[in-house]
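J.: Here it is: the structure, laid out below.
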Amino acid sequence: MAKRIENFSEISGHYDVVLCDVWGVVHNGVDPFPKAATALEAARESGLAVVLITNSPRLSWQVVEQLRQIGVPDSAYDRIVTSGDVTRGLIAEGPKTVFLLGPERDKALLEGIGVERRPAGEAQSLVCTGFFDDETEKPEDYTDMLLDFKARDVPMICANPDLIVERGHRIIPCAGAMAAYYEQLGGKTRIAGKPHRPIYEATLAAARELRGDFPVERVLAIGDGMPTDVRGALNYRLDLLYISGGIHAKEYTLNGETDEAILNAYLERENAAPKWWMPRLA
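Final position of the sequence shown in the UniProt record's numbering is 282; the numbers increase by one with none missing.
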């Protein structure tokens, strides 16, 4: 059973490396969580390497800029590894004519890796970073397009495996929801982000550049997403600090607070066994 903590400093001495999720832990897409940044700064000051691990389809330098705009200080982390970073390898290995399913701001994902953007009907590769308009659309709106790609046996390379994400006080669908729908239609998907191995290998490699070698027992993952952060950490046999106030909060919130009994029942149903939990990183 997960143990509740009040402050990250209670457990930080057990670890050399922290792999920390971003959306839902460090910010909500609009506003920063200042206590989270302060906790990570303190961890770094005590000697821990802090690597942010995010399923954002953007490249790491773009996420650095985004964090600055939101108000998360550079001093809260050492490195960032994104799903976009590790997905570029999948894209480069595939066909060279690509359709980008997602907002134009994600076009940097395709730059400098020898591929050419084409209309959907001409492309031999499908890269999904999200929706054209994630404020109003749902995966079913893309059924005809997806069925055409499926008929041509084109796999979807999903650059953001998250199903949903917080944006302020709203829940917004992500590319992972599109990939799940494509699979329902019979299509194939290729994914490198959480909970899959490539992003963890890249993140731990970044941590080793900072700290040298370390045993996996000295690595702590922090996250709020059950199918991504939680599943990935447990698959990789990492200790996990679960942030209960994130995207699954409605599952176990009673009278505005996390109900520990309901939370433990939820974790048991999900076959999840985080070592620690707290409502928000602090």
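Just so you know, even glycine gets a beta-carbon here, dropped at the ideal spot from N, CA and C.
Quick caveat, the model's predicted, so the values are computed rather than measured.
Which residue marks the beginning of the beta strand (DSSP E) containing T189, and which one marks its end?
T.: Element bounds for T189: 189-191.
J.: Pull up the DSSP beta-bridge partners for I243, would you.
T.: Partner(s): M278.
J.: For P215, count the other beta carbons within 10 Å of its own beta carbon; 16 or more makes it buried, fewer makes it exposed. Which is it?
T.: Burial call: exposed.
J.: Since E166 sits in a beta bridge, which residues does DSSP pair it with?
T.: Partner(s): I171.
J.: My understanding is that T129 touches M156, with C-beta atoms under 8 angstroms, so please give their C-beta distance in whole angstroms.
T.: Not quite, the Cβ-Cβ distance comes to about 11 angstroms (not below 8 angstroms), so this is no contact.
J.: Give the DSSP-derived three-state secondary structure of E43 in the structure shown.
T.: The displayed chain sequence assigns Ala, not Glu, to residue 43. Here A43 sits in helix by DSSP.
J.: Roughly how many whole angstroms lie between the Cα atoms of P119 and F99?
T.: Their backbone Cα atoms lie some 6 angstroms apart in a straight line.
J.: Could you tell me how far apart the beta carbons of I247 and L254 are, in whole angstroms, since I believe they sit closer than 8 angstroms?
T.: At roughly 17 angstroms, the Cβ-Cβ gap does not stay under 8 angstroms, so I247 and L254 are not in contact.
J.: Grab the span of the beta strand (DSSP E) containing F8 for me, first residue to last.
T.: Looking at the DSSP string, F8 is not in any beta strand (DSSP E), and its letter there is neither H nor E.
J.: Consult DSSP for I113 and reduce its assignment to one of helix, strand or coil.
T.: DSSP places I113 in coil when its eight states are reduced to three.
J.: With H, G and I counted as helix, E and B as strand and the rest as coil, what does DSSP make of A221?
T.: Three-state DSSP puts A221 in a strand.
J.: Does the distance from the CB of G177 to the CB of P139 come in under 8 angstroms?
T.: The residue asked about is misnamed: residue 177 is Ala in this sequence, not Gly. Yes, the Cβ-Cβ distance between A177 and P139 is below 8 angstroms.
J.: Is F132 buried or exposed, if buried means 16 or more other CB atoms sit within 10 Å of its CB?
T.: With fewer than 16 Cβ atoms within 10 Å of its Cβ, F132 is classed as exposed.
J.: Could you tell me how far apart the beta carbons of C20 and I53 are, in whole angstroms, since I believe they sit closer than 8 angstroms?
T.: At roughly 7 angstroms, the Cβ-Cβ gap stays under 8 angstroms, so C20 and I53 are in contact.
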